[in-house]
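Under my numbering, the residues of the sequence shown are numbered 832 to 1154, in order. What follows is one structure encoded as C-alpha cells, with my remarks underneath.
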Amino acid sequence: MVDDGVVQPHAVVTGGAGFLGSHLCDALIASGYRVTCVDNFETGRPANVRHLEKESAFQLLRRDLNDYDDGDLAGPIDVVFHLAAPAAPSDYLLDPVATMRIASAGTLNALDLARSRSARFVLASTSEVYGPGSDGPSREDRVGQVDPADGYGAYYESRRFAEALTTAYRTTYALRTAIARIFNTYGPRMRLDDGRVLSRFIRQALTGAPLTVPGPGTQTRSLCYVDDAVAGLLALAGGGYPGPVNIGSPEAVPVFTLAQEVAQITGPDAEIVFVEPPATESQARRPDITLATQLLDWQPRTSVHDGLTATLTWFRRARVRNA
Ligand code: NAD
C-alpha cells in the first residue's frame, strides 16, 4: 500500500487469531505495518481480533494453512510470522495428527509463501524442543532429549521438524529465516482451559474457588508476559540473526509463590490449598536468555506482579463485558 509516497510494510501472521498471534497483530499495526492474519480458528478465537476489524491495515483470511493457496495474498510481503500451531497441552494431546500436520504441511506452506515473496520468515518454536525440563536454564545449544513414541511426541517432534524445515529453507534457498524458542507466556486472551497451572489459578480466582497448588509448590515456572514475548519476536524479525533464540523469562517462580501473588491480587478472601500433583508435573524449566540479550538487546521488562495484575484485570473486564 502506498500512502504519500511511503510504502507500508506488510506482515503475514499465521495463527494471528490465537493468544500470542493476536497480540503480535496489535503490535505490528501499532508500529505501522499492514497485517494479514491467516487463521482457521482451530484453537484461536474471532474475538481475539474483533477489535482489529475496523483497522484498514488489518485483513483476516480464514484459511487452513495446510491447504493454503499462495494466490490468496496479493502484493509484496516483508515478513511472515508463523505461529499457527496448537500450543496448549489440552489441544495438542486432543488431536496429535492435526498437530503434526500443521507443523509439517502448514510450515511448508508458510515457508513457500515467504520464499515466493523474498520475505523474512520467523518461526514461533517452543521450549518443548528441549524435552522434559532440567534443573539448569536451557541454552540454545542444549541438545533436546525427547521420546518420539511417548504420548507427547507429536508435539515435541513436530516442533523439532518445523525448526529443521526452517533451517533447510535457509541453507537450501538462502531464505532469511529466524527461529524463536518461546517459553511459557501469559497475559490477556490466554486460554484458561489449557491445562497449565497459572491458567487454573486465574480461573479459580475469577470464580472465587480455592487456588489448588500441586504439592509441594516448590516446583517452579518461568512466565513471560505477552507484551515482552511479542517485543522479542519483533526484535528477532528486525535483525539478521537466524537463531534459534530463547524468548522467555529467566526468573524461576515457585508455584506456591505464584498462587500467593494471584491470591494477593484477587483479594483477602482468596484461599490456597495443596493437592496431589499429577504424575507428569514438571519441576523446572527456564531459559538462558544471554543470546537474546546480547544479539537482540531483549529481555522481559514486566514483573510477575504487574503482568498478573494486568491479566486478572483484563479477564475480570472480559467477564463483565460478556455477562
Ligand atoms: P494458540 O492456540 O492461541 O494460537 C495458535 C493459532 O493457530 C490459533 O489461532 C489457531 O486457530 C491457529 N491454527 C492452528 N492450526 C491452524 C491451521 N491449520 N491453519 C490456520 N491456522 C491454524 O496458541 P499460542 O499460545 O498463541 O501459540 C502460538 C505459537 O507460539 C505456537 O506456535 C506455539 O507453539 C508457540 N508457543 C506459545 C507458547 C505460549 O506460552 N503460549 C509457548 C511456546 C511456544
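Where a beta carbon is used, it is the ideal one built from N, C-alpha and C, also for glycine.
Do you know how far the Cα of residue j is from the Cα of residue i?
{"i": "Val-843", "j": "Pro-1099", "result": "45 Å"}
{"i": "Ala-1141", "j": "Tyr-1004", "result": "43 Å"}
{"i": "Thr-867", "j": "Ile-1103", "result": "43 Å"}
{"i": "Gly-906", "j": "Leu-924", "result": "37 Å"}
{"i": "Ala-1062", "j": "Thr-997", "result": "21 Å"}
{"i": "Val-1151", "j": "Leu-944", "result": "41 Å"}
{"i": "Thr-1133", "j": "Asp-1058", "result": "8 Å"}
{"i": "Met-832", "j": "Ile-1096", "result": "For Met-832, the predicted structure reports a pLDDT of 45, less than 50, and the residue's modelled location is therefore unreliable. The matter cannot be settled from this model."}
{"i": "Ile-1120", "j": "Asn-1077", "result": "6 Å"}
{"i": "Val-880", "j": "Ser-853", "result": "6 Å"}
{"i": "Gly-1074", "j": "Tyr-1056", "result": "21 Å"}
{"i": "Cys-856", "j": "Arg-894", "result": "17 Å"}
{"i": "Val-911", "j": "Pro-1041", "result": "42 Å"}
{"i": "Gln-1130", "j": "Ala-1083", "result": "15 Å"}
{"i": "Gly-1046", "j": "His-882", "result": "40 Å"}
{"i": "Arg-1022", "j": "Ser-947", "result": "34 Å"}
{"i": "Asp-981", "j": "Ser-921", "result": "16 Å"}
{"i": "Leu-954", "j": "Ile-908", "result": "16 Å"}
{"i": "Val-928", "j": "Ala-915", "result": "15 Å"}
For residue i, does the count of other Cβ atoms within 10 angstroms reach 16, so buried, or fall short, so exposed?
{"i": "Leu-837", "result": "With the sequence shown as reference, residue 837 is identified as Val, and Leu is not the correct amino acid for it. So Val-837 counts as exposed."}
{"i": "Ser-969", "result": "buried"}
{"i": "Pro-877", "result": "exposed"}
{"i": "Thr-957", "result": "buried"}
{"i": "Ser-1053", "result": "buried"}
{"i": "Gly-902", "result": "exposed"}
{"i": "Gly-849", "result": "buried"}
{"i": "Ala-999", "result": "exposed"}
{"i": "His-841", "result": "buried"}
{"i": "Ala-1036", "result": "buried"}
{"i": "Gly-846", "result": "buried"}
{"i": "Leu-1139", "result": "buried"}
{"i": "Gln-1050", "result": "buried"}
{"i": "Phe-1105", "result": "exposed"}
{"i": "Val-1028", "result": "buried"}
{"i": "Glu-884", "result": "exposed"}
{"i": "His-1136", "result": "exposed"}
Report the residue from the options whose alpha carbon sits nearest the alpha carbon of residue i.
{"i": "Asn-871", "options": "Ser-1030, Asn-897, Leu-855", "result": "Asn-897"}
{"i": "Tyr-961", "options": "Leu-1139, Trp-1145, Arg-1132, Ala-1115", "result": "Ala-1115"}
{"i": "Val-869", "options": "Ala-918, Asn-940, Gln-839", "result": "Asn-940"}
{"i": "Ser-1113", "options": "Gly-1026, Arg-932, Arg-973, Glu-884", "result": "Gly-1026"}
{"i": "Tyr-1017", "options": "Thr-1008, Ile-1010, Pro-1041, Arg-1031", "result": "Arg-1031"}
{"i": "Leu-1006", "options": "Ala-1060, Ala-1036, Ala-950, Thr-845", "result": "Ala-950"}
{"i": "Asp-1128", "options": "Leu-1023, Ala-1066, Asp-978", "result": "Ala-1066"}
{"i": "Ala-995", "options": "Asn-1015, Leu-1023, Ala-861, Leu-942", "result": "Leu-942"}
{"i": "Phe-1146", "options": "Arg-1001, Glu-1092, Pro-1019, Ile-908", "result": "Pro-1019"}
{"i": "Gly-1008", "options": "Glu-988, Glu-1092, Gly-937, Phe-952", "result": "Per the sequence shown, the amino acid found at residue 1008 is Thr instead of Gly. Residue Phe-952 is the option with its Cα nearest to Thr-1008."}
{"i": "Met-931", "options": "Arg-990, Arg-1022, Met-1021", "result": "Arg-990"}
{"i": "Glu-959", "options": "Tyr-986, Val-1093, Gly-937", "result": "Tyr-986"}
{"i": "Pro-1108", "options": "Ala-1083, Ala-936, Thr-1043, Ala-1123", "result": "Thr-1043"}
{"i": "Leu-904", "options": "Gly-1079, Leu-892, Gln-1091", "result": "Leu-892"}
{"i": "Leu-1122", "options": "His-913, Ala-1011, Gln-976", "result": "Ala-1011"}
{"i": "Leu-1126", "options": "Ala-1149, Gly-1079, Thr-1088, Tyr-1072", "result": "Tyr-1072"}
{"i": "Val-974", "options": "Gln-1091, Gly-984, Pro-963", "result": "Pro-963"}
{"i": "Ala-888", "options": "Leu-859, Thr-1111, Ser-935", "result": "Leu-859"}
{"i": "Ala-936", "options": "Asp-926, Phe-992, Ala-919", "result": "Phe-992"}
{"i": "Gly-863", "options": "Pro-917, Glu-886, Glu-873", "result": "Glu-886"}
Cβ of residue i versus every heavy atom of ligand 1: is any distance shorter than 7 Å?
{"i": "Glu-873", "result": "yes"}
{"i": "Thr-914", "result": "The residue you asked about is not Thr; residue 914 is Leu in the sequence shown. Yes, the beta carbon of Leu-914 sits closer than 7 Å to at least one heavy atom of ligand 1."}
{"i": "Pro-917", "result": "yes"}
{"i": "Thr-803", "result": "An answer regarding residue 803 cannot be provided, because it is not within the stretch 832 to 1154 covered by the chain."}
{"i": "Val-953", "result": "no"}
{"i": "Asp-870", "result": "yes"}
{"i": "Ala-1066", "result": "no"}
{"i": "Asp-810", "result": "A question about residue 810 goes unanswered here, because the residues of the chain that appear run from 832 up to 1154."}
{"i": "Ile-1013", "result": "yes"}
{"i": "Ile-1103", "result": "no"}
{"i": "Gly-852", "result": "yes"}
{"i": "Asn-1077", "result": "no"}
{"i": "Thr-845", "result": "yes"}
{"i": "Ala-848", "result": "yes"}
{"i": "Asp-901", "result": "no"}
{"i": "Arg-894", "result": "yes"}
{"i": "Gly-937", "result": "yes"}
{"i": "Asp-922", "result": "yes"}
{"i": "Ile-1120", "result": "no"}
{"i": "Arg-1022", "result": "yes"}
{"i": "Thr-1097", "result": "no"}
{"i": "Thr-1142", "result": "no"}
At a cut-off of 7 Å, would you count residue i as near ligand 2, judging by its Cβ distance to the nearest heavy atom?
{"i": "Ala-950", "result": "This structure lacks ligand 2; the ligands present are ligand 1."}
Item to complete: Would you list, in sequence order, the uninterrupted alpha helix (DSSP H) runs of no fewer than 4 residues that lie entirely inside the stretch 963-1017?
Response: 984-1004
Practice prompt. Just list the beta strand (DSSP E) runs in the stretch 875-958, keeping only unbroken ones of 3 residues or longer that don't cross its boundaries, in chain order.
Written response: 889-893, 910-913, 951-957
Item to complete: List in chain order: all unbroken alpha helix (DSSP H) runs of 4+ residues lying wholly within the stretch 1037-1104.
Response: 1057-1069, 1086-1097
Practice prompt. With a floor of 4 residues, list each alpha helix (DSSP H) that falls wholly inside the stretch 838-871, ordered by position along the chain.
Written response: 850-861
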